[in-house]
Amino acid sequence: MSKKTEENLKKAFVKECQANLRYIFFSEMADELGYPEVSDMFRSIAKGEECHAKGFLFYLSKLGSVKVNGVKDALKISIEKEMDETENMYPKIVKEAREEGHEDIAKWVERVGKAESRHLKSCQKLLESLD
Numbered sequence: 005m006s007k008k009t010e011e012n013l014k015k016a017f018v019k020e021c022q023a024n025l026r027y028i029f030f031s032e033m034a035d036e037l038g039y040p041e042v043s044d045m046f047r048s049i050a051k052g053e054e055c056h057a058k059g060f061l062f063y064l065s066k067l068g069s070v071k072v073n074g075v076k077d078a079l080k081i082s083i084e085k086e087m088d089e090t091e092n093m094y095p096k097i098v099k100e101a102r103e104e105g106h107e108d109i110a111k112w113v114e115r116v117g118k119a120e121s122r123h124l125k126s127c128q129k130l131l132e133s134l135d
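As structure tokens, this is what we get:
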């Protein structure tokens, strides 16, 4: 696979995932504000974006960029990603938010980090149980 194609598929996957969550957020907001038809439309678009993201992930997997050979592999990948978020990404975000005076954001991201840590432990336990 050419590097350009791989990078384009990765970018498209990220964009589609972001769009999916953005439309879910918009749908929930429209619901709360009393616009059920708008909410339904956003929910429908979100589902389409989810399908697009899965398609890009499928092709990344098919072309060898994403390698998942079964459940153990999926758990190992999940552990790696959750560990990075728990140990690197979220602590950095918390530190920088505090440095910029955003204590509310720092506290929220700390809670997210704790949830990610629980995800990590769950994945680790499941992997151990499969060995």
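Under my numbering, the letters of the sequence shown match residues 5 to 135, in that order. All C-beta atoms, glycine included, are put in the ideal place defined by N, C-alpha and C. Just so it is clear, the structure is predicted and the values come from calculations on it, not from any experiment.
Given residue i as reference, the closest of the options once Cα atoms are compared
{"i": "I83", "options": "E91, K111, E54 and Q128", "result": "Q128"}
{"i": "S69", "options": "I109, I81, K111 and E10", "result": "E10"}
{"i": "G59", "options": "E41, A16 and K7", "result": "A16"}
{"i": "R47", "options": "E120, Y27 and K118", "result": "Y27"}
{"i": "E120", "options": "K99, M93 and L67", "result": "M93"}
Residue i (DSSP reduced to helix, strand or coil)
{"i": "D135", "result": "coil"}
{"i": "E20", "result": "helix"}
{"i": "V98", "result": "helix"}
{"i": "H123", "result": "helix"}
{"i": "G105", "result": "coil"}
Contact belief for residue i with residue j at Cβ below 8 Å, rounded distance in angstroms
{"i": "E86", "j": "H123", "result": "5 Å"}
{"i": "A57", "j": "C21", "result": "5 Å"}
- Go through the region 22-84 residue by residue and report every complete run of the alpha helix (DSSP H) that reaches 4 residues or more, in order. 40-66
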